[in-house]
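Notes for the one structure printed next.
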Amino acid sequence: MDAVLDDYRTASISEKDRALFALVDRINQAPERVSREDVERGRRAGWSDEALYDAITVCALFRFYNTWIDATGVQDMPAAMYHHTGKRLAADGYAPADG
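Residues in the sequence shown are numbered from -4 upward in steps of one, following my numbering.
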């Protein structure tokens, strides 16, 4: 994971994964430059349209959330809350906390 976070282009991952990370990187670094060819590269690497749609949607939502948080000054959670949330997500996924 650290190698991917450092530089997906040189990490020991499949070419399929590298193509997806290239699309994600383009979305995060220059969303105005995302092209049909970027998406097509993901298809040629073996990603389904649904998987590509999901990746694009997650990137777009997190860009929105981060922009909104930065602009409104929402305070960061305490470290203990991140730890608690991480444990809950690892155990239960993104299911509602009360059901």
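The beta-carbon is built from N, C-alpha and C at its ideal position, and this holds for glycine as well. Just so it is clear, the structure is predicted and the values come from calculations on it, not from any experiment.
So, for residue i: in the same chain, excluding its five sequence neighbours on each side, which residues have a beta-carbon less than 7 Å away from its beta-carbon?
{"i": "valine 29", "result": "Arg21, Ile22"}
By the three-class DSSP mapping on this structure, what secondary structure does residue i have?
{"i": "glutamine 70", "result": "coil"}
{"i": "isoleucine 22", "result": "helix"}
{"i": "methionine -4", "result": "coil"}
{"i": "arginine 100", "result": "Coverage of the chain is limited to positions -4 through 94, which leaves residue 100 absent and any answer about it impossible."}
{"i": "tryptophan 42", "result": "coil"}
{"i": "tyrosine 48", "result": "helix"}
{"i": "glycine 81", "result": "helix"}
{"i": "alanine 90", "result": "coil"}
{"i": "valine 29", "result": "coil"}
Can you list, in chain order, the residues of its chain with a C-beta nearer than 8 Å to that of residue i? Leave out the 5 residues immediately preceding and following it.
{"i": "aspartate 33", "result": "Ala17, Leu18, Arg21"}
{"i": "methionine 72", "result": "Thr80"}
Among the options, whose alpha-carbon lies nearest the alpha-carbon of residue i?
{"i": "glutamate 35", "options": "Tyr48, Ala(-2), Gln24, Ala25", "result": "Tyr48"}
{"i": "alanine 25", "options": "Tyr3, Arg58, Thr5, Ala85", "result": "Arg58"}
Within 8 Å, do at least three Cβ pairs link the region 9 to 16 to the region 42 to 51? yes
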